[in-house]
Ligand code: HEM
Ligand code: FES
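Residue numbers (full-length UniProt numbering), protein chains in the order written: chain Z, 1 to 534; chain D, 1 to 358.
Here is the structure:
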């Protein structure tokens with residue numbers, strides 16, 4: 001339909017007629033004309049968001065297939081399906097129908113595994129996409145709100161994953177719910193009743209799978225879809241960011257046009273993501289619930305793991321030292337649960353508002369469409385490295401038992417090391433990342449001023465040996481010099497001659513951010529460097 | 001949030017020598033260098049091999065359509081696999097094959113389209129980039145003034161600001177109307193039950209026999225040898241038709257026999273054990289996983305979920321991990337026939353802590 005809009009009206013082909021029919025009823029041509037030839041900047045790191053989007057589509061497709069066969073009921077039945085070892089075992093209808101999907105419906109296992117693998121890829125892709133946005137500063141004005149939307153989607157995706165993981169009502173999913181139940185009960189004031197309402201009575205009850213099902217296939221997907229629509233709408237409104245390169249400015253967006261090149265690449269990429277997930281699902285088993293058996297509050301095996309994206313929360317629970325619970329005012333205060341909850345909550349909140357913090361510190365109100373190379377924002381990059389390290393330590397803690405048995409260490413040793421690492425790791429990561437960034441910036445300056453080392457050694461007439469440096473052409477140079485640095489803020493009294501606490505804080509933060517900085521080479525400096533050489 | 005629009009005027013950059021170059025939008029503390037390099041503009045376009053060599057272009061085209069045909073083949077293969085690899089037998093191997101071959105067919109179908117389209121875009125389609133002009137995201141002055149006027153007109157015509165009584169009562173009504181919906185959610189849990197009450201009791205009563213999980217066979221004290229451990233449920237649990245899992249989630253018990261010399265009992269609980277046999281709740285006091293791993297030579301119980309460890313020899317106190325409270329002990333004795341029975345229910349709620357617990 002869209003291709004036909006450019007055709008000449010004399011040739012009444014079928015496509016032209018059809019396009020005309022549709023346009024006269026929808027005015028879609030305005031839309032095609034507006035969007036069809038928009039430039040869409042291209043870079044491999046921009047694909048991460050697409051992986052997320054496309055794996056979500058795969059999840060929708062496979063999930064819808066699963067709903068035709070899955071039954072979200074916790075009524076007890078005796079399993080009668082084809083999987084012999086569980087024949088006659090009592091289990092919930094949910095578990096039995098999941099086993100049927102796996103063993104009695106041809107291709108069912110394939111779709112189920114594709115759904116689960118796609119879920120893992122979805123959350124991973126959002127996470128990496130978010131890191132790309134963070135480390136390149138793509139969250140700066142005008143994109144702060146889109147950062148918030150994206151991050152909320154990350155949280156919802158974890159919620160989708162957890163609710164989905166709980167649906168088959170197997171041993172592991174029941175254990176996961178048990179842990180959630182225990183955590184909810186530890187929340188002061190509302191915990192006991194929240195758990196009671198959620199589970200429709202005592203744990204585990206017969207309601208939870210049905211309720212999570214509503215969340216999993218209705219509420220959360222609808223919210224996610226709405227947010228995705230909003231997220232993409234903002235991308236259209238803002239236009240995509242781009243890396244600094246010759247010809248690219250804050251005032252333009254450079255890339256292949258949406259039609260045809262970008263559409264072909266992105267459309268093709270959807271099939272690649274879909275295809276890779278199909279390949280993984282056909283080759284690798286995921287969540288073999290038939291090995292775990294139905295949920296029973298009594299047995300559990302060592303070394304079982306939640307899906308990867310829940311790991312950080314599980315790890316946070318594990319790192320609490322013994323005894324963090326008190327009875328005060330006749331009530332139980334479970335700090336062993338509250339501290340991880342509040343700690344993770346603060347971590348998440350900090351990530352969520354980071355764009356606003358940085359904007360406040362720089363005071364920069366301009367739009368930023370050229371993204372930073374991470375080295376050119378050393379403090380931001382260092383903060384990111386610290387955050388990633390914090391998350392990684394929590395994540396590793398979720399496998400503390402496996403680490404201990406695998407490397408033949410004591411459980412206590414592993415936990416105590418991780419506890420220490422949780423605080424020391426981010427600090428070390430911060431300083432290392434910052435130093436590395438600054439070193440890279442210095443190297444960039446060197447290259448701009450003196451050229452690349454060519455590896456060619458020549459003997460000067462005076463007898464000394466020097467390495468010939470290959471000067472940069474102006475295009476290569478531009479990539480290395482086209483960034484801005486910020487200066488630390490100086491405190492000045494306001495109109496009423498006062499220095500407020502807010503100003504002090506801001507100046508302090510600004511010093512922290514921008515005290516160590518390397519400015520890009522200027523024309524004058526390059527000139528001076530050249531004179532030196534001659 | 002923290003973006004006050006006046007901040008830039010009160011706080012100046014430490015080096016404000018470039019103040020004259022600051023454009024209309026605040027740059028904050030950005031350092032704008034006066035002799036910075038200028039953007040050199042687009043570099044000359046470099047043609048690809050497929051642009052210059054018609055043979056290579058032909059080959060690229062061939063690759064693209066071959067991939068699309070391969071995709072069709074993959075789809076057909078997947079359909080054929082659906083029929084050729086049934087899973088009617090009770091053989092797990094059949095399921096594996098069915099999964100594998102349907103999957104590989106589908107993967108080929110999808111990857112064929114994917115690689116074909118991407119290759120088409122990269123090698124065959126024109127590769128010139130275009131540049132779009134960006135416009136400031138915020139609407140222009142005219143648009144903004146127009147929007148303000150719309151709201152002012154609407155306000156004037158409706159009297160939203162002027163007619164305070166109407167406005168405030170509407171806001172009130174809008175705030176209150178969702179409350180009934182919130183109240184309806186009370187129905188999520190049974191009306192006539194109280195969780196605190198339920199959490200405080202289990203199936204164990206005076207005289208309830210300790211039986212094996214899951215068979216329900218009662219246990220004689222004589223059968224519990226030193227060093228052994230049993231997974232225990234109360235008698236009658238397996239026969240329950242309703243609420244079996246709920247009861248089990250509270251009543252599951254671990255039974256262990258230690259050498260009485262090694263057992264360090266609290267004075268007021270000395271009568272809770274029988275000849276070195278002790279029974280403890282199996283539900284972790286952290287967040288409720290079953291504490292299922294018993295290390296016989298150390299008498300330690302390990303919870304596999306977050307590695308809390310409890311010392312059975314010392315009334316199950318926590319020796320490591322995030323749990324804070326010892327596992328509750330079930331007082332036991334032996335009945336006339338030599339079977340182990342409970343003396344009473346647990347004397348405290350089992351499992352994870354909760355707010356009303358004390
Ligand atoms: C971002 C969104 C989603 C994520 C992360 C996700 C994740 C999961 C996971 C991890 C499972 C467990 C699968 C297993 O048994 O191994 C699951 C099950 C399930 N999901 Fe989703 N899902 C999502 C969206 C959806 C949607 C939109 C639908 C329906 C339209 C759906 C339908 C189902 C059904 C019916 C099951 C139960 C069947 C089964 O366990 O095999 N899911 N989901
Ligand atoms: S549930 Fe036992 S340690 Fe967490």
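Using N, Cα and C, we set each Cβ at its ideal position, and we do this for glycine too.
Counting along the chain, where does the alpha helix (DSSP H) carrying residue 376 of chain Z start and finish? In the first chain, the residue the question calls residue 376 of chain Z occupies position 376. Counting along the chain, residue 376 of chain Z falls outside any alpha helix (DSSP H), and DSSP gives it neither H nor E.
As a quick check of your reading: which residues have a C-beta less than 5 Å from at least one non-hydrogen atom of the ligand FES, in chain order? Result (chain order): D:284, D:286, D:287, D:289, D:303, D:305, D:306 and D:308.
Is the distance from the Cβ of residue 254 of chain D to the Cβ of residue 224 of chain D below 8 Å? Residue numbering aside, residue 254 of chain D sits at position 254 when the second chain is read from its first letter. Residue numbering aside, residue 224 of chain D sits at position 224 when the second chain is read from its first letter. Contact: no.
If I measure Cβ to Cβ from residue 160 of chain Z and keep anything under 6 Å in the same chain, skipping five residues before and after, which residues do I get? Counting from 1 along the first chain, the entry for residue 160 of chain Z is found at position 160. The answer, listed in chain order, is 220.
Just grab the DSSP bridge partners of residue 320 of chain D for me. The count along the second chain starts at 1 and reaches residue 320 of chain D at position 320. BP columns for residue 320 of chain D point to D:309.
By the three-class DSSP mapping on this structure, what secondary structure does residue 226 of chain D have? Taking the second chain and counting its residues from 1, the one referred to as residue 226 of chain D is at position 226. It is coil, neither helix nor strand.
When you compare only the Cα positions, how much space is there between residue 76 of chain Z and residue 318 of chain D? Reading the first chain from its first residue, position 76 is the one you call residue 76 of chain Z. Reading the second chain from its first residue, position 318 is the one you call residue 318 of chain D. Taking the straight line from one Cα to the other gives about 36 Å.
Using the beta-carbon of each residue, which ones in chain Z are nearer than 8 Å to residue 196 of chain D? Within the second chain, the letter at position 196 stands for residue 196 of chain D. Residues of chain Z whose Cβ lies closer than 8 Å to the Cβ of residue 196 of chain D are, in chain order, 192.
For residue 515 of chain Z, does the count of other Cβ atoms within 10 angstroms reach 16, so buried, or fall short, so exposed? Counted from its first residue, the first chain places residue 515 of chain Z at position 515. Here residue 515 of chain Z is exposed. Its C-beta has fewer than 16 other C-beta atoms within 10 Å.
Kindly examine the ligand HEM and report whether one of its heavy atoms sits closer than 7 Å to the Cβ of residue 165 of chain Z. On the first chain, position 165 is the one that residue 165 of chain Z refers to. Checking the Cβ of residue 165 of chain Z against the ligand HEM gives yes.
What three-state label does DSSP hand residue 333 of chain D in the structure shown? Taking the first residue of the second chain as 1, we reach residue 333 of chain D at position 333. Strand, per DSSP.
Which residues in the same chain have their Cβ closer than 7 Å to the Cβ of residue 405 of chain Z, if we skip the five residues on either side of it in sequence? As a position in the first chain, residue 405 of chain Z is number 405, starting the count at 1. Closer than 7 Å at Cβ, skipping near neighbours: no residue.
Let me check understanding here. Comparing Cα to Cα, which of Z:434, Z:492 and Z:331 lies closest to residue 512 of chain Z? As a position in the first chain, residue 512 of chain Z is number 512, starting the count at 1. Closest by alpha carbon: Z:434.
Is the beta carbon of residue 199 of chain Z closer than 8 Å to that of residue 208 of chain Z? Here residue 208 of chain Z refers to the residue found at position 208 when the first chain is read from its first residue. Here residue 199 of chain Z refers to the residue found at position 199 when the first chain is read from its first residue. For residue 208 of chain Z and residue 199 of chain Z, yes; Cβs fall inside 8 Å.
Residue 459 of chain Z versus residue 471 of chain Z - alpha carbon distance: Here residue 459 of chain Z corresponds to residue number 459 of the first chain, with the count starting at 1. Here residue 471 of chain Z corresponds to residue number 471 of the first chain, with the count starting at 1. Roughly 19 Å between the two C-alpha positions.
Taking all protein chains shown into account, do 16 or more other C-beta atoms lie within 10 angstroms of the C-beta of residue 292 of chain Z, making it buried, or fewer, making it exposed? As a position in the first chain, residue 292 of chain Z is number 292, starting the count at 1. By the neighbour-count rule (16 or more Cβ atoms within 10 Å), residue 292 of chain Z is buried.
Which first and last residues belong to the alpha helix (DSSP H) in which residue 130 of chain D is found? Taking the second chain and counting its residues from 1, the one referred to as residue 130 of chain D is at position 130. Counting along the chain, residue 130 of chain D falls outside any alpha helix (DSSP H), though it belongs to the beta strand (DSSP E) covering 130 to 133.
In whole angstroms, give me the CA-to-CA distance for residue 277 of chain Z and residue 119 of chain Z. Start at 1 with the first residue of the first chain, and residue 277 of chain Z comes out as number 277. Start at 1 with the first residue of the first chain, and residue 119 of chain Z comes out as number 119. Rounded to whole angstroms, residue 277 of chain Z and residue 119 of chain Z show a C-alpha spacing of 10 Å.
Residue 237 of chain D vs residue 246 of chain D beta-carbon contact at 8 Å: Taking the first residue of the second chain as position 1, residue 237 of chain D is located at position 237. Taking the first residue of the second chain as position 1, residue 246 of chain D is located at position 246. Not a contact, by the Cβ cut-off of 8 Å.
Quick check on this structure: which residue in D:311, D:116 and D:243 has the alpha carbon closest to the alpha carbon of residue 258 of chain D? In the second chain, the residue the question calls residue 258 of chain D occupies position 258. Here the closest residue by C-alpha is D:311.
With respect to the alpha helix (DSSP H) encompassing residue 21 of chain Z, which residues constitute its N-terminal and C-terminal limits? By 1-based counting over the first chain, the position of residue 21 of chain Z is 21. Element bounds for residue 21 of chain Z: 14 to 26.
Going along the chain, which unbroken runs of the alpha helix (DSSP H) with 4 or more residues stay wholly within the stretch 195 to 249 of chain Z? 208 to 214 and 220 to 238
Thinking just about the alpha-carbon of each residue, which of Z:158, Z:318, Z:42 and Z:358 is nearest to the one in residue 397 of chain Z? Translated into positions along the first chain, residue 397 of chain Z becomes position 397. Of Z:158, Z:318, Z:42 and Z:358, the residue nearest in Cα terms is Z:318.
In three-state terms, what does DSSP make of residue 327 of chain Z? As a first step, residue 327 of chain Z is located in the first chain; it is residue number 327 there, counting from the start. In the structure shown, residue 327 of chain Z sits in a strand (DSSP, three-state: E or B).
For residue 308 of chain Z, name the three-state secondary structure that DSSP assigns. As a working note, residue 308 of chain Z is residue 308 in the first chain. Helix, per DSSP.
According to DSSP, what are the bridge partners of residue 31 of chain Z? Here residue 31 of chain Z corresponds to residue number 31 of the first chain, with the count starting at 1. DSSP lists no partner for residue 31 of chain Z.
Spatial distance of residue 211 of chain D from residue 170 of chain Z (CA atoms): Here residue 211 of chain D corresponds to residue number 211 of the second chain, with the count starting at 1. Here residue 170 of chain Z corresponds to residue number 170 of the first chain, with the count starting at 1. When rounded, the distance between both Cα atoms is 24 Å.
Expressed to the nearest angstrom, what Euclidean distance is found between the alpha-carbon atoms of residue 193 of chain D and residue 163 of chain Z? For the purposes of this step, residue 193 of chain D is taken as the residue at position 193 of the second chain. For the purposes of this step, residue 163 of chain Z is taken as the residue at position 163 of the first chain. Straight-line Cα distance between these residues: approximately 26 Å.
Sorry if obvious, but does the Cβ on residue 281 of chain Z come closer than 7 Å to a heavy atom of the ligand HEM? As a working mapping, residue 281 of chain Z is identified with position 281 in the first chain. False, no ligand heavy atom lies under 7 Å from that Cβ.
With DSSP collapsed to three states, give me the class of residue 256 of chain D. One-based indexing of the second chain puts residue 256 of chain D at position 256. Of the three classes helix, strand and coil, the one that applies to residue 256 of chain D here is strand, per DSSP.
Please check if any C-beta of chain Z sits within less than 8 Å of the C-beta of residue 325 of chain D. In the second chain, residue 325 of chain D corresponds to position 325, counting from 1. Closer than 8 Å: yes.
Taking 7 Å as the line, does the beta carbon of residue 157 of chain Z fall inside it for any heavy atom of the ligand HEM? As a first step, residue 157 of chain Z is located in the first chain; it is residue number 157 there, counting from the start. Yes, the ligand HEM has a heavy atom inside 7 Å of this Cβ.
Length of the line joining the Cα atoms of residue 500 of chain Z and residue 188 of chain D: Against the first chain, residue 500 of chain Z aligns to sequence position 500. Against the second chain, residue 188 of chain D aligns to sequence position 188. The straight-line gap from Cα to Cα measures roughly 51 Å.
Is residue 66 of chain Z a contact residue of the ligand HEM, with contact defined as CB to any heavy atom under 7 Å? Position 66 of the first chain, counted from the start, is the residue given in the question as residue 66 of chain Z. It does: the Cβ of residue 66 of chain Z is within 7 Å (strictly closer) of some heavy atom of the ligand HEM.
Going by beta carbon distance, what residues of the same chain come within less than 8 Å of residue 141 of chain D, once the five residues before and after it are set aside? Residue 141 of chain D sits at position 141 when you count from the first residue of the second chain. Cβ neighbours of residue 141 of chain D beyond the five flanking positions: none.
For residue 139 of chain Z and residue 362 of chain Z, what's the separation of their Cα atoms in angstroms? Looking up residue 139 of chain Z in the first chain gives position 139. Looking up residue 362 of chain Z in the first chain gives position 362. Taking the straight line joining both Cα atoms gives about 14 Å.
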